[in-house]
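Here's the structure, in structure tokens; my notes come after.
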Amino acid sequence: MSAAKRRAVFVFTGPGGRGNLPPFAAQGDDVAFYALADLHLGFAMGKPMDLFGPQWEDHPRRIAENWRRVVGENDVVLIPGDISWAMKEEQVRPDLEFIAALPGRKVLLRGNHDYWWHAIGKVRELLPPGLAAIQNDHLVMDGVAICGTRGWNIPGAGQEGGDDPKLYARERGRLEISLASAPAGRPKIALLHFPPLITGSAEAGFTDLLERHGVALCVYGHLHGVRDHRLGLQGERNGVRYILCAADAVDFTPVRLPDL
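Residues 29 to 288, numbered by the working numbering, are exactly what the sequence shown covers, in order.
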């Protein structure tokens, strides 16, 4: 992205089918890119997030107020996972409608708590206008390729939930499919839900892949609480810039992404 907002073009070029995607923005409209993970909505579930600490009190209202303050109607907001506590389609609808009512065009990625997210075709049918989803594919938005996968715990890192090397390898393969599907010559942003690398871990399977495919930015969430926020890889590493955008790490405010 340039210092000024980019000119809006919204094109789906992935192999998975267009799905229920937002309308094309008018040519000449200005666009900025933002990211915010771990919305953890649950309007149909009756699960208040302040069970996890006072920082989560009334968090949907705070998200909405902050979002409207910084995001414009033609901007793009990347949401890398843990969108909703819903278990079923009918339970997630009010959460998706809440997101759809906020400004901007949104790109969703599955998190480990998105149990409502099943086959990608069904997910895309469920999405209201203004929302798109990626899985094993990509979107091109204003010349930028948006890729990603959920990810998983890093083997040997001692993360909550334990190791599953097979699942980790599968998610790494899915990221490679997504990155390889993007057209050559486009700047790339990668969405992950899980951190690609944490402090003290020598396993770099995801970061190596991002570097090899020339990814400019990687945004991720999943880490909660000040101690865990500090574990996540942030800043630039071997040409890739990493940004933790878990909601409680960024004061429940979409993070403006830097220029590409």
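C-beta atoms are modelled at their ideal positions from N, C-alpha and C, and glycine is treated no differently.
By Cβ distance below 6 Å, which residues in the same chain neighbour residue 120 in space, the five residues on each side in sequence not counted? 112, 114 and 144
Per-residue burial, residue 267 [other beta carbons within 10 Å of its own, 16 or more giving buried]: exposed
Distance, residue 71 Cα to residue 197 Cα: 34 Å
For residue 320, three-class secondary structure by DSSP: Outside the shown range of the chain (29 to 288) lies residue 320, about which nothing can therefore be said.
Tell me the DSSP bridge mates of residue 177? 220
Would you mind stating whether residue 282 and residue 129 have Cβ atoms separated by less than 8 Å? no
Cβ neighbour criterion (16 or more within 10 Å) applied to residue 210: buried
How would you label residue 6, buried or exposed, when you count the other beta carbons within 10 angstroms and need 16 or more for buried? Residue 6 is absent from the structure shown; the chain starts at 29 and stops at 288.
For residue 73, list the residues DSSP reports as bridge partners. BP columns for residue 73 are empty, so no partner.
Alpha helix (DSSP H) segments (min. 4 residues) lying fully within the region 67-149: 87-98 and 117-128
Given a cut-off of 8 Å, decide if residue 249 and residue 123 are closer than it, judged by their beta-carbon atoms. no
Given a cut-off of 8 Å, decide if residue 179 and residue 220 are closer than it, judged by their beta-carbon atoms. yes
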